[in-house]
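J.: Just dropping this structure here.
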Amino acid sequence: MFRLVALRMLDAIPTMLLALTLVFITLRMLPGDPAIAALGEYATPQQLELFREQMGLNLPLWQQYFVFLWDVVTLDFGESLISSFSVGQLIALHLPFTIELTIAAMLMGTIMALPLGVIAATQRGKSADSSTRIFALLGFAVPDFYLGALMLIVFALNLGWFPISGGGSDFWDRMHHLALPAFTLGILKAAFLSRLTRSSLLEVLQKDYIRTARAKGGRERRVIYRHGLRNALLPIATGLGLSTLATLSGSVAIELIFNRPGLGNLLVGAIEQRDYPVMQAGIVVFAFFVVLVNLALDIIYIFIDPRIRSE
Amino acid sequence: MKLNRRHFLGGSAALAGFGAMPAITRSAFAQSDDMLRMAFSARGNNTLDPAKSIQGSDEWSIIHIFDKLVELPRGRFALDNSEFRPSLATSWEVSEDSTAWTFQLREGVQFHKGYGEMTSDDVVFTFERLLDPEQIGTRRVLFENISSIEAEGDYQVTFRLFTPDPLFLSGPLSSYASSIVPRAALEEKGEGFERDPIGTGPYVFERLDADPSQGVIMVANEDYFDGPPAMPRLQAQYILDTTAHTLALMSGEVHMIEGVRGPGWVPSIQQQNPNLLFDVASPGSFFSLHLNLTYPDFEDIRVRQALFYAIDRDEIAAAMAPISQRTYGVLPPSFPGGFTDETIPDEIRYDYSVERAQQLLSEAGKEGLSFNCFTSQREDYSSVTLIVQEQLRRAGIDMQLNIMDHTGYHAENNKGVNTLSQRSSAYPPVPTQPYLEMLSADAAAKEDGSGGPNFSQYGVEMPGIDDLLDQANNEPDFDARLELIRQMDEQVMSDAVYLPVSTNGYLIVRSPDVDLGYEMESGFAHWRLDQARLT
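What follows is the structure, encoded as structure tokens:
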């Protein structure tokens with residue numbers, strides 16, 4: 226078990242290195258001078274040169290690359306080219322907002338999706354199944370920014386139940402600010418996960434051992450949840466993992482519309498302003514989470530599926 | 024599934040809970056009414072150092088924390104030097120040749136948080152810092168005409184200039200960058216000053232949050248020399264998304280937001296709440312089109328004139344109403360020396376005429392003209408350029424448009440490779456400045472991107488206005504200077520290299536609960552709120 230986990234962690238190193246190299250190269254290919262983006266068009270050539278020198282932007286690319294790698298290893302991403310806050314401060318502020326949104330959205334999505342998926346699978350072809358299908362189709366079809374705006378107008382502006390924007394300050398305030406964006410994202414996640422649960426459960430429910438369990442006189446609820454859903458969990462866990470990754474990196478529109486100070490929001494701003502240190506740090510953090518979630522999935526598989534352990 | 028009594032009761036309880044939420048949450052939202060909250064379309068604060076700021080939204084905080092030597096009249100640009108209001112300077116004198124400006128400083132003005140009295144040493148320090156090539160500043164170009172700053176005692180300073188500048192107050196000294204900073208605080212805080220600024224202004228900096236939705240919080244300076252401001256606290260929040268900041272205003276979370284400079288936005292928000300107030304600072308940004316003289320099809324003046332006739336500037340201004348106004352010459356009508364509908368000579372009016380455009384193209388043998396062009400995705404750029412594209416199509420001109428991100432657009436455009444460059448830029452009411460920056464040979468765009476915004480290569484590819492500009496810059500008499508400026512305007516328009524499309528005023532939408540204390544007519548993209556109060 227330990228060996229398996231260690232092997233998976235070793236696998237992550239070349240993945241991270243590849244991701245870092247791609248990040249570095251891609252960012253340097255974007256048009257736009259970060260010095261001009263930082264100092265504006267009225268800066269003199271002398272000031273631009275001074276800025277490049279101070280920020281290490283005039284070093285040869287290969288040197289910049291190794292400085293970047295060293296910064297990653299030492300977790301020191303330096304100063305933002307645009308903001309008066311250091312990159313570390315910016316990441317430390319923005320990352321928790323993204324993590325809490327992801328966790329809350331995935332929790333809400335899963336809580337909605339599992340019962341819906343089970344109902345759809347067990348009531349196959351009936352009105353309950355059709356209803357969940359319509360819900361899922363709507364979830365796939367409605368863009369996140371549109372649903373977000375709709376939620377804001379109904380629940381924040383008209384009903385006044387939730388704040389319009391921001392991330393909140395103390396714990397309860399943060400939860401209050403989190404509820405609506407997490408619910409919005411949760412609905413979208415539930416659309417995907419409910420379909421996945423339905424199809425996975427349907428497949429399992431046709432297996433011989435389910436028929437045997439029923440023939441032995443097991444209660445239907447027990448057959449579905451203990452024998453059916455448990456065995457359907459492997460693809461659902463994969464879907465959950467992929468969906469978590471997509472939520473981590475893809476909640477930019479929700480962060481923007483709810484004005485949450487999340488990492489996606491920070492990263493998009495950094496790309497627009499060619500703030501290399503923030504861009505690099507943000508993408509490194511995302512890449513780290515991709516590796517981490519994949520690793521977590523591998524470990525979860527070991528617990529869910531005894532066959533992997535025996536292998 | 025059947026509905027039984029247990030389900031019914033459970034559902035009813037949940038509904039009742041939801042119904043009760045507004046009462047609970049609304050009271051939780053009740054925000055103190057001692058703070059005026061503004062929201063700006065930006066991702067966050069970049070700096071609060073006046074010498075470093077290039078982001079308009081940050082300047083709203085800067086102008087409340089700091090003071091300049093002189094202030095514009097409330098709500099508008101000054102029409103002449105007598106209209107400037109004393110601030111840290113109580114009076115001033117100018118030499119006959121406009122090369123020496125002497126200011127008497129206000130005595131007893133204290134920097135915030137115990138950093139002592141503001142004296143001539145701080146004024147000298149402020150401007151020497153702005154001019155220091157070893158300092159990373161952003162507005163140095165504004166102050167390059169200053170040859171020296173001399174302190175005479177604690178309360179008098181004299182600026183000596185390289186060339187005469189009768190508009191020294193309107194230009195360099197009206198910029199927020201000329202805000203007076205304390206030597207002691209800068210030397211003590213170093214780089215940290217931009218996150219913990221010390222000024223003399225009506226508000227004292229309290230807190231800068233890395234969370235943009237918290238932004239900058241300032242508290243009233245009870246010892247302000249002009250009396251304490253009306254509102255005890257002021258907050259500058261940053262909400263980038265248009266929907267989010269519009270909803271923040273509608274819900275009462277903020278009292279003022281930065282408006283969107285795009286077609287149809289104002290009417291749509293007015294429909295939602297007809298009581299909202301709109302403050303427009305005109306002229307705002309000059310939106311101009313620059314025809315690249317190095318592009319072979321634009322070498323022929325008839326082709327350039329055809330483009331001018333094919334673009335309906337009245338239609339563009341109407342689409343961007345009420346913030347936009349058509350311009351006739353390089354300078355907008357509200358600027359000293361600017362042509363108006365009545366004063367623009369007929370031969371350079373270029374009133375919209377598809378027929379005239381087609382006739383000129385035919386004479387030049389360029390029927391079916393087609394060219395590639397790129398623009399920025401930013402709302403004001405893309406909106407106007409898409410309208411221009413459609414107008415050109417009506418005249419049979421095919422402009423293939425590529426829309427790119429704003430930073431990328433500027434990077435490519437600065438290399439002078441665009442055929443029809445667009446530029447949106449604000450200027451103080453110093454009539455020579457737009458010529459100097461956009462039309463002088465020195466400002467010609469360069470292949471490596473290090474040049475200026477003369478994207479037409481005017482004065483390089485063909486004779487420009489450089490001689491007239493030199494004469495104007497050395498002319499101490501204001502009226503004589505304006506006459507030279509009109510001559511430059513006529514020449515630029517006759518050569519058809521630069522089309523002034525419109526000016527787009529800077530827009531703030533205000534809750535009817537906020538009394539500004541004065542009317543906004545014109546000015547920079549920021550104005551003081553020291554008289555503003557919640558009614």
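As they're listed, the protein sequences go chains A and B.
Take the first sequence: its letters are residues 226 to 536, numbered as in my numbering.
Take the second sequence: its letters are residues 24 to 558, numbered as in my numbering.
Heads up, the beta-carbon is just placed ideally off N, CA and C, and yes, glycines get one too.
1) So does the segment 423-438 of chain B actually touch the segment 524-532 of chain B, counting three or more Cβ pairs closer than 8 Å?
2) Who pairs with Tyr261 of chain B in a beta bridge, going by DSSP?
3) Please state the DSSP three-state secondary structure of Ala53 of chain B.
4) Where do the ends of the beta strand (DSSP E) carrying Asn425 of chain B lie?
5) Once the 5 residues before and after Glu390 of chain B are set aside, which same chain residues still bring their CB inside 8 Å of it?
6) Answer with yes or no whether the minimum CB distance from Thr251 of chain A to chain B is below 8 Å.
7) 8 Å is my cut-off, CB to CB: does Val164 of chain B come that close to chain A?
8) For the candidate residues B:Ser197, B:Glu338, B:Val303 and B:Pro220, whose alpha-carbon lies nearest to that of Glu208 of chain B?
9) Terminal residues of the continuous beta strand (DSSP E) containing Leu314 of chain B?
10) Measuring only between beta-carbons, confirm whether Tyr434 of chain A sits less than 8 Å from chain C.
11) Assuming the contact rule is C-beta atoms closer than 8 Å, Gly342 of chain A and Ile482 of chain A should be a hit. Round their C-beta distance to whole Å, please.
12) What residues of chain A sit near Ser274 of chain B, judged by a beta carbon separation below 8 Å?
13) Here's a check: name, in chain order, each residue in its chain whose Cβ is nearer than 6 Å to the Cβ of Glu94 of chain B, leaving out the five neighbours to either side.
14) Measure how close the beta-carbons of Ser406 of chain B and Gly307 of chain B come, nearest whole angstrom, since I'm counting them as under 8 Å.
15) Can you name, in chain order, every residue of its own chain whose Cβ lies under 8 Å from the Cβ of Gln179 of chain B, other than the five neighbours on each side?
16) I want to see whether chain A comes within less than 8 Å of Glu217 of chain B, judged by CB atoms only; does it?
17) In this structure, how does DSSP classify Val550 of chain B when only helix, strand and coil are distinguished?
18) Taking three-plus beta-carbon pairs below 8 Å as touching, is the segment 192-200 of chain B in contact with the segment 283-301 of chain A?
19) Shorter than 8 Å from the beta carbon of Met241 of chain A to some beta carbon of chain B?
20) In angstroms, rounded to a whole number, what distance separates the CA positions of Gln272 of chain A and Gln445 of chain B?
21) Can you give me, in chain order, the residues of the segment 483-508 of chain A that have a beta carbon less than 9 Å from any beta carbon in chain B?
22) Relative to the alpha-carbon of Met254 of chain A, which residue among A:Ile496, A:Leu467 and A:Arg233 has its alpha-carbon at the smallest distance?
23) Please name the residue, chosen from B:Ser198, B:Thr186, B:Val146 and B:Ser202, that lies closest to Asp177 of chain B on a Cα-to-Cα basis.
24) So if I threshold CB-CB distances at 7 Å, which residues from the segment 340-360 of chain A count as touching chain B?
25) Going by other Cβ atoms of all chains shown within 10 Å of its Cβ, with 16 needed for buried, is Glu82 of chain B buried or exposed?
26) Distance check for Met234 of chain A and Ser291 of chain B, CA to CA, integer angstroms please.
27) To the nearest angstrom, how far is it from the Cα of Gln328 of chain B to the Cα of Pro454 of chain B?
28) Tell me which residue opens and which closes the beta strand (DSSP E) that Ala123 of chain B is part of.
29) Per the DSSP calculation, Met564 of chain B is bridged to which residue(s)?
30) If you follow the alpha helix (DSSP H) that Met234 of chain A is in, where does it begin and where does it stop?
31) For the segment 76-96 of chain B, which residues have a beta carbon sitting closer than 8 Å to at least one beta carbon of chain A?
32) Determine the DSSP secondary structure at Leu32 of chain B, reduced to helix, strand or coil.
33) Starting from Glu157 of chain B, follow its DSSP beta bridges and name the residues at the other end.
34) Taking DSSP as the reference, what is the three-state secondary structure of Ala329 of chain A?
35) When the Cβ atoms of the segment 338-357 of chain A are set against those of the segment 418-428 of chain A, are three or more pairs found closer than 8 Å?
36) Taking the alpha carbon of Ala65 of chain B as the reference point, which residue from A:Tyr267, A:Leu300 and A:Ser308 has its own alpha carbon closest?
T.: Let's see:
1) The segment 423-438 of chain B, when compared against the segment 524-532 of chain B, does not touch it at the 8 Å Cβ threshold.
2) Its beta-bridge partners are B:Phe63.
3) Confidence is the limiting factor: at Ala53 of chain B the pLDDT is only 44, short of 50, which leaves the residue's position unreliable, though a coordinate-based value still follows. Ala53 of chain B: coil per DSSP, three-state reduction.
4) Start and end: Asp421 to Met427.
5) The answer, listed in chain order, is Gln381, Leu384 and Gly419.
6) No - not a single Cβ of chain B is within 8 Å of the one on Thr251 of chain A.
7) By this cut-off, Val164 of chain B is an interface position.
8) The displayed chain sequence assigns Ala, not Glu, to residue 208 of chain B. Taking each of B:Ser197, B:Glu338, B:Val303 and B:Pro220 in turn and checking the Cα distance to Ala208 of chain B, the smallest one comes out for B:Pro220.
9) Residues Leu300 to Leu314.
10) Although the question refers to chain C, the structure presented lacks it and instead comprises the protein chains A and B.
11) About 28 Å separates the two Cβ atoms, so there is no contact after all.
12) Taking a Cβ-Cβ threshold of 8 Å, the residues of chain A close to Ser274 of chain B are Ala381, Leu382, Gly385 and Ile389, in chain order.
13) The beta carbon of Glu94 of chain B sits closer than 6 Å to the beta carbons of Arg108 and Ser110 from its chain, once the five residues preceding and following it are set aside; these are given in chain order.
14) That pair is no contact at about 15 Å.
15) For Gln179 of chain B, where only same-chain residues beyond five positions count, the Cβ hits under 8 Å are Thr125, Phe126, Gln127, Leu128 and Ser143.
16) Interface residue, yes.
17) The sequence given here has Trp at residue 550 of chain B, not Val. In this structure, Trp550 of chain B counts as coil in the three-state DSSP scheme.
18) The segment 283-301 of chain A and the segment 192-200 of chain B do not touch, with fewer than three beta-carbon pairs separated by less than 8 Å.
19) For Met241 of chain A, not one C-beta of chain B is nearer than 8 Å to its own C-beta.
20) Rounded to whole angstroms, Gln272 of chain A and Gln445 of chain B show a C-alpha spacing of 26 Å.
21) Listed by position, the residues of the segment 483-508 of chain A near chain B (Cβ gap below 9 Å) are Phe483, Asn484, Arg485, Pro486, Asn490, Leu491, Val493, Gly494, Ala495, Ile496, Glu497, Gln498 and Arg499.
22) The residue with the shortest Cα to Cα distance from Met254 of chain A is A:Ile496.
23) Closest option to Asp177 of chain B, Cα to Cα, is B:Val146.
24) Per Cβ criterion, the list is empty.
25) When all chains shown are included, Glu82 of chain B counts as buried.
26) About 54 Å.
27) CA-CA distance, Gln328 of chain B to Pro454 of chain B, rounds to 25 Å.
28) Where Ala123 of chain B is concerned, the enclosing beta strand (DSSP E) stretches over Ala123 to Leu128.
29) Since the first and last residues shown for chain B are 24 and 558, residue 564 of chain B lies out of range.
30) Counting along the chain, the alpha helix (DSSP H) containing Met234 of chain A begins and ends at Phe227 to Met254.
31) Taking 8 Å as the Cβ-Cβ cut-off against chain A, the residues of the segment 76-96 of chain B that qualify are Ile77.
32) The pLDDT assigned to Leu32 of chain B is 40, lower than 50, so where the model puts this residue is not dependable; a value taken from the coordinates is nonetheless given after this. The DSSP-derived three-state label of Leu32 of chain B is helix.
33) Paired residues: none, contrary to the question.
34) Three-state DSSP puts Ala329 of chain A in a helix.
35) Segments in contact, yes.
36) Taking Ala65 of chain B as reference, the option from A:Tyr267, A:Leu300 and A:Ser308 with the minimal CA-CA separation is A:Ser308.
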